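K.L.:
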Amino acid sequence: MSYHLFVLFFFFQWNLLCERSYISALVQSMYFVGYLFGSFLSGTVSDAFGRKITLTVSVALQAAAFIGASFVTSHIALIILLFFAGLSLASSIACQYTLIIEMIGPDHRTIAGIINELFWKAGWLLIILVAYFIRDWRIFMLIGAAPGLAILLFWKWIFESPRWLLTKGRLDEAHEILVNFGGKSKEQPLDKNSLRQLIERIRESQVKREGEVTKRHTQLDMVRTPKMRKFTLVMAINWCTVALSSYGFTLFMSSLAGDLYLNLVYSAILPTLLLPVVGCLIAKFGRRLIHIIFMALSGALCIGILGVPSGYPLLMTGLALTARGVIGALWTTIYLITSELYPTTIRNTAIGTCATFARIGGLVAPYVIMLVMRVSLYLPVILFGCLCILAAIAFFFIPETLKVPLAQSVEE
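Quick note on numbering: the sequence shown equals residues -18 to -1, 1 to 394 in mature numbering (1 follows the signal peptide of the UniProt record, and there is no 0).
(1) Can you give the beta carbon distance from Thr383 to Leu312, rounded, assuming they're within the 8 Å contact cut?
(2) Going along the chain, which residues of its own chain have a beta-carbon closer than 6 Å to the beta-carbon of Glu194, five neighbours each way excluded?
(3) Alpha carbon to alpha carbon, what distance is there between Ser358 and Leu283?
(4) Please check the pair Gly300 and Ser228, which I expect to be a contact at CB under 8 Å, by giving their CB distance rounded to whole angstroms.
(5) Can you name, in chain order, every residue of its own chain whose Cβ lies under 7 Å from the Cβ of Ile371, other than the five neighbours on each side?
(6) Looking at Thr327: is its Cβ nearer than 8 Å to the Cβ of Thr26?
(7) Go ahead and pull the three-state DSSP assignment for Gln78.
(8) Would you check if the distance between the CB atom of Ser40 and the CB atom of Ser73 is smaller than 8 Å?
(9) Would you check whether the ligand NAP has a heavy atom nearer than 7 Å to the C-beta of Ile125?
(10) Hey, how far is the Cα of Ile110 from the Cα of Ile96?
(11) Return the CA-CA distance between Trp146 and Thr314, expressed in angstroms with no decimal places.
(12) Tell me which residues share the same chain as Glu155 and place their Cβ nearer than 6 Å to its Cβ, disregarding the 5 neighbours each side in the sequence.
(13) Using only CA atoms, which one of Met123, Ala128 and Asn162 lies nearest to Trp139?
(14) Within 10 angstroms of the Cβ of Cys262, are there 16 or more other Cβ atoms? Answer buried if so, exposed if not.
(15) Can you give the Cα-Cα distance for Val112 and Leu246, rounded to whole angstroms?
(16) Only counting the same chain, and skipping five residues up and downstream in sequence, which positions put a Cβ closer than 8 Å to that of Tyr114?
(17) Given a cut-off of 8 Å on the beta-carbon distance, is the pair residue 444 and Ala250 in contact?
(18) Quick check on Asn175: buried or exposed, where buried means 16 or more other Cβ atoms within 10 Å of its Cβ?
(19) Given a cut-off of 8 Å, decide if Gly230 and Ala347 are closer than it, judged by their beta-carbon atoms.
(20) Where do the ends of the alpha helix (DSSP H) carrying Ser249 lie?
(21) Could you tell me which of Leu37, Ile364, Ala47 and Lys103 sits nearest to Tyr13, measuring between CA atoms?
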């Protein structure tokens, strides 16, 4: 979100208006190109070398890119740095989410996903507040580097994923990390010997299923079987739709009636308020049904804008921002479902690959807005609405993942 606000400042400060508007679209697109590469590569790197090391390198690169971007004076240098900022941000997001989910049991994954998303929304609101008082985009970029530097300070307290260590045969390290978490209570202390035996049994079962201990996993595992191909196709459609609609609406806000900052605040507050509601619904009725309902509702709100009379611009703004808010809530369900749908051996690869399709949506969003709005102001939201309904229909082919134990391998 901070990046999108930065684009607005960049647009006006460097006078990227009218005939130079293509530079603004290029700056936005190159960031998403970096995001696309980061999403695609980070999964494979993380599954090969670990969540912790990939996360650490990613946040360090992200901080360096933002700091460097704050001092540049040319478009080319800025575009290059934003490419690396996008690449590192995509990698860090995928790694931290995978790490969280792999540390949590089935009964608590919903609340873990909601808490993670709450921090994302809180950061969104905070950056809007900062942007309101700090209009210099260079200072704004320096502030954007702060979270990455803060994470590096806590490097020693970040654990590697025991599930990932288990898939790599590093049983001693996995056992040591799990022992640090202790038992349920003082009355129920952790039995280290039983834990060790459980770890060994899980590993033996996994090796037996895979048939080869040192097998390397790639994106090809996501389409190895007919069932996996179906899952991956549906998830690709949904990730791309959520990203295209979400980022497209953010860029579309400058064309809506009302104050830009107030519109941004409303579009941030609504999905934040929806998070507890979404959390309760997906915990009770399942991830699949709620995702379908919210996706279909987003599409209906977008298409409903067609019925707004031309003399009611604020009503159109209200519907558009509400649709944007509902779409924002879909990030919670789609991340959670993806992390639960794919096995540990390719989980981060799957999240990264699916996020790659999301970045394709983000990559084309600036051009969709720039080109489609030349035909009609209503056309972008109609496009978003149709895509949301299509994605909702496709999601009927995804199974429910509520309280389903995480699979360790594709063979499971």
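For glycine and all other residues, C-beta sits at the position ideal for the given N, C-alpha and C. Computed from a prediction, not measured in an experiment: that's the story for all the values here.
P.N.:
Looking at the coordinates:
(1) Locating residue 383 in the sequence shown gives position 401, where the first residue counts as 1. Locating residue 312 in the sequence shown gives position 330, where the first residue counts as 1. Between Leu312 and Thr383 the Cβ distance is about 15 Å, and since that is not below 8 Å, they are no contact.
(2) Mapped onto the sequence shown, residue 194 falls at position 212. Summary for Glu194: the model assigns pLDDT 49, below 50, so the residue's position carries little reliability; its value from the coordinates is reported in the next sentence. Here the set comprises nothing.
(3) Here residue 283 refers to the residue found at position 301 when the sequence shown is read from its first residue. Here residue 358 refers to the residue found at position 376 when the sequence shown is read from its first residue. Roughly 18 Å between the two C-alpha positions.
(4) On the sequence shown, position 318 is the one that residue 300 refers to. On the sequence shown, position 246 is the one that residue 228 refers to. About 18 Å separates the two Cβ atoms, so there is no contact after all.
(5) Within the sequence shown, numbered from 1, the residue matching residue 371 stands at position 389. Correct list, in chain order: Ala278 and Gly281.
(6) Mapped onto the sequence shown, residue 327 falls at position 345. Mapped onto the sequence shown, residue 26 falls at position 44. It is not a contact, given that the beta carbons lie outside the stated cut-off.
(7) If you number the sequence shown from 1, residue 78 lands on position 96. Looking at Gln78 - three-state DSSP - the assignment turns out to be helix.
(8) Translated into the one-based positions of the sequence shown, residue 40 becomes position 58. Translated into the one-based positions of the sequence shown, residue 73 becomes position 91. Going by C-beta atoms, Ser40 is nearer than 8 Å to Ser73.
(9) Ligands displayed in this structure: none; no statement on the ligand NAP is therefore possible.
(10) As a position in the sequence shown, residue 110 is number 128, starting the count at 1. As a position in the sequence shown, residue 96 is number 114, starting the count at 1. The alpha-carbon atoms of Ile110 and Ile96 are separated by roughly 21 Å.
(11) For the purposes of this step, residue 146 is identified with residue 164 of the sequence shown, where counting begins at 1. For the purposes of this step, residue 314 is identified with residue 332 of the sequence shown, where counting begins at 1. Taking the straight line joining both Cα atoms gives about 23 Å.
(12) Here residue 155 refers to the residue found at position 173 of the sequence shown. Within the same chain, Glu155 has close Cβ partners Leu147.
(13) Locating residue 139 in the sequence shown gives position 157, counting from the first residue. Here the closest residue by C-alpha is Asn162.
(14) In the sequence shown, the residue the question calls residue 262 occupies position 280. Answer is exposed; the Cβ neighbour count stays below 16.
(15) Numbered from its first residue, the sequence shown carries residue 112 at position 130. Numbered from its first residue, the sequence shown carries residue 246 at position 264. The straight-line gap from Cα to Cα measures roughly 13 Å.
(16) Here residue 114 corresponds to residue number 132 of the sequence shown, with the count starting at 1. Tyr243, listed in sequence order.
(17) Because the chain in this structure spans residues -18 to 394, residue 444 falls outside the shown range and cannot be described.
(18) As a working mapping, residue 175 is identified with position 193 in the sequence shown. By the 10 Å Cβ count, Asn175 comes out exposed.
(19) Residue numbering aside, residue 347 sits at position 365 when the sequence shown is read from its first letter. Residue numbering aside, residue 230 sits at position 248 when the sequence shown is read from its first letter. Cβ atoms of Ala347 and Gly230: closer than 8 Å.
(20) On the sequence shown, residue 249 is found 267 positions in, with the first residue counted as 1. Its alpha helix (DSSP H) spans residues Leu242 to Phe267.
(21) Residue mapping note: residue 13 aligns to position 31 of the sequence shown, counting from 1. It is Ala47.
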